[in-house]
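K.L.:
Position 254 of the sequence shown, counting from 1, maps to 1659 under my numbering, and the rest follow consecutively. All residues carry an ideal CB built from backbone N, CA and C; glycine is no exception. Every value quoted in this text rests on a predicted model; they were computed, and no experiment measured them. What follows is a single structure, and I will ask about it in a moment.
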Amino acid sequence: MPKPISKATVVVTGTNLHFAQPGEYSIDYLPSGNVKIQVDGGHSYVMSAAEYASITSFSFADGASLGGPVAVNGVSFTEAGPGGPFEVSPNLDSLIGEMISTHGIEYTAEHLLINGSAADTFKVLWDYLDDAYVAGNNYYNLPLNETFARLGLEYAEYLEAGGEPLTFITAKYTSDSNSNGIPQREQSMHDNLLGNITTAAIEDRFSGALEAELLALAPDEYQDRPYYDGNEPRVGGAIHDAIRAFDYDHGWDRPDYIDRSYNGLIDPLARDAAAPNSMYYGNGNPVDDWNLVRHEGAQVELGLKVKHRGGDEYAEASIGPDGIAHYNVAAGPQAGSPNRAEWNFDFAATDYSPDTDFTYVVELDIDPSAGENFVTIYSSDAPLDTDLGNGSTFQNSFNVAFVDTDPATPGTQHYGFGPAEFNVRISAYEGSELVLTHEVIVHVGA
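Listed below in structure tokens is the structure:
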């Protein structure tokens, strides 16, 4: 039998909570963990935390609706991935549908609080709308698209107020089907939400007064931010680069800022304009087969190459779980040059940002054993100016013959080119902040 509660304010039947009396309800979590449900500031009922946790659905009598504040705790999320789409538990569709239909998405976003977190509120609202979108293949469903766009506007407002971006939350996922290790689609909730308030999306889905209204509400820079759908062909492409630079400039973290290549072409800005297939530090130093790390948000590239002195690069012997490449190089001096090691390392730091200046530092571990003792070999000393928009580059080639392996002892203690292990590291700084670092490990005589 249904269980009447406090003059039939609400009725619990199994796992369903029925709002039985006409009026506007609020739900409030108390410090004790119990839940207070109240209608029009009058009749109320306090449910135990355990009783409320058992509720999985909501229903409403005629004239009953949820207003606010509405606080719901204990909500969990499953991100989109190989196991399926993004999911919310428990099912809050009845509660959310009632709030949106009665008050609109803006009111709901501002008066619903999930797990005490505005970020979790956006996750729940996005999931509710996306379920409807997917269920009906509703690309041109005008009311649904409008609600999605207005949720995007609320999300932009949240970000501008300092809210944590949903860049680490996977909303859309399609598994790798061509065995290259890259999912066919992997899109964050952040990119999906902001994609709904771009000029292209608004102009495609709306017209007339509504289109004009939404364009007027969307901040210009958000309208201009490209839509990144996370589909594999766009990974690492121009649109991906543009949204990463946009997000970095806004101070938002992302899991996909870094691109890595173990046999890549150096950035065009690092190539000698007078000899495009050569580096600036000398002809005969080709622009290919570099071990590269790029921060596509900060727009800076760090390159290292381990090579035969005066010759070709060494291939990577192995790559550690941290992404650091290990190289096995020959011990002893270079043939015909007894005062030089057989191998060199080359470095190149290149900025392609239009508005950031970087300082670069190159360090070498001078301890020939497995231990580490880093010293600075090169430094740009001051930020290299990039304000003209044409970037800057910092590069050279180095041989360990020039290293004093014990600077604390008078004189120069040269390394004798025998079996050894050296770490080489190059880093980019913006002011005092480390932006990006790149490291290789060289095993001599291995």
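Starting from the Cα of Ser1506, find the closest Cα among Ser1481, Val1829 and Phe1465 and give me that residue.
P.N.:
As a working note, residue 1506 is residue 101 in the sequence shown. Of Ser1481, Val1829 and Phe1465, the residue nearest in Cα terms is Phe1465.
K.L.:
Among Tyr1457, Leu1471 and Leu1564, which residue has its Cα nearest to the Cα of Gln1426?
P.N.:
Position 21 of the sequence shown holds residue 1426. Closest option to Gln1426, Cα to Cα, is Leu1471.
K.L.:
Taking 6 Å as the limit between beta carbons, can you name the residues of its chain near Gln1356, skipping five residues before and five after?
P.N.:
What is shown of the chain runs 1406 to 1851, which leaves residue 1356 out entirely.
K.L.:
Reducing DSSP to helix, strand and coil, say where His1655 ends up.
P.N.:
On the sequence shown, residue 1655 is found 250 positions in, with the first residue counted as 1. Three-state DSSP puts His1655 in coil, outside helix and strand.
K.L.:
Use the C-beta contact count for Ser1723: other C-beta atoms within 10 angstroms, 16 or more gives buried, fewer gives exposed.
P.N.:
Here the question's residue 1723 lines up with position 318 in the sequence shown. Ser1723 comes out exposed.
K.L.:
Roughly how many whole angstroms lie between the Cα atoms of Val1417 and Leu1518?
P.N.:
As a first step, residue 1417 is located in the sequence shown; it is residue number 12 there, counting from the start. As a first step, residue 1518 is located in the sequence shown; it is residue number 113 there, counting from the start. Straight-line Cα distance between these residues: approximately 22 Å.
K.L.:
Excluding the 5 residues flanking Pro1774 on each side, which residues of the same chain have their C-beta closer than 8 Å to its C-beta?
P.N.:
Counting from one through the sequence shown, the residue named residue 1774 turns up at place 369. Residue identity check: residue 1774 is Ser in the sequence provided, not Pro. Ala1825 and Glu1826, listed in sequence order.
K.L.:
Check whether the Cβ atoms of Ser1462 and Asn1421 sit closer than 7 Å, and answer yes or no.
P.N.:
Within the sequence shown, numbered from 1, the residue matching residue 1462 stands at position 57. Within the sequence shown, numbered from 1, the residue matching residue 1421 stands at position 16. A contact, by the Cβ cut-off of 7 Å.
K.L.:
Gly1438 to Gly1656, Cα distance in whole Å?
P.N.:
Numbered from its first residue, the sequence shown carries residue 1438 at position 33. Numbered from its first residue, the sequence shown carries residue 1656 at position 251. For Gly1438 and Gly1656, the distance between alpha carbons rounds to 35 Å.
K.L.:
For Ala1833, which option in Phe1553, Pro1812 and Ala1787 has the closest C-alpha, if you only look at C-alpha atoms?
P.N.:
On the sequence shown, residue 1833 is found 428 positions in, with the first residue counted as 1. The option with the nearest alpha carbon to Ala1833 is Ala1787.
K.L.:
Check each candidate in Asn1696, Pro1660 and Asn1550 and name the one with the smallest Cα separation from Leu1619.
P.N.:
Here residue 1619 refers to the residue found at position 214 of the sequence shown. The candidate whose alpha carbon is nearest that of Leu1619 is Asn1550.
K.L.:
If contacts are defined as beta-carbon pairs under 8 Å, then Pro1474 and Ser1431 qualify, I think. What distance do you get, rounded to the angstrom?
P.N.:
Taking the sequence shown and counting its residues from 1, the one referred to as residue 1474 is at position 69. Taking the sequence shown and counting its residues from 1, the one referred to as residue 1431 is at position 26. Indeed, because the Cβ distance is near 6 Å, the residues count as touching under 8 Å.
K.L.:
Taking only beta-carbon atoms, is Arg1639 less than 7 Å away from chain C?
P.N.:
Going by chain labels, chain C is absent from the structure shown, which holds only one protein chain.
K.L.:
Who does Tyr1834 pair with in a DSSP beta bridge?
P.N.:
Against the sequence shown, residue 1834 aligns to sequence position 429. For Tyr1834, which the question treats as bridged, DSSP gives the partners Thr1764 and Leu1839.
K.L.:
Anyone know if the C-beta pair for Val1845 and Leu1707 falls short of 7 Å?
P.N.:
For this step, residue 1845 is matched to residue 440 along the sequence shown. For this step, residue 1707 is matched to residue 302 along the sequence shown. Taking 7 Å as the Cβ cut-off, Val1845 and Leu1707 do not qualify as a contacting pair.
K.L.:
Among Asp1751, His1819 and Ala1806, which residue has its Cα nearest to the Cα of Val1829?
P.N.:
Here residue 1829 refers to the residue found at position 424 of the sequence shown. The shortest Cα separation from Val1829 among Asp1751, His1819 and Ala1806 belongs to Asp1751.
K.L.:
Leu1841: buried (16+ other C-beta within 10 angstroms of its C-beta) or exposed?
P.N.:
In the sequence shown, the residue the question calls residue 1841 occupies position 436. Burial call: buried.
K.L.:
Under a three-way DSSP split, which group does Asp1811 fall into?
P.N.:
As a first step, residue 1811 is located in the sequence shown; it is residue number 406 there, counting from the start. Asp1811 falls in the coil class under three-state DSSP.
K.L.:
Tell me the DSSP bridge mates of Glu1826?
P.N.:
Position 421 of the sequence shown, counted from the start, is the residue given in the question as residue 1826. In the DSSP output, where bridge partners are listed per residue, Glu1826 has His1848.
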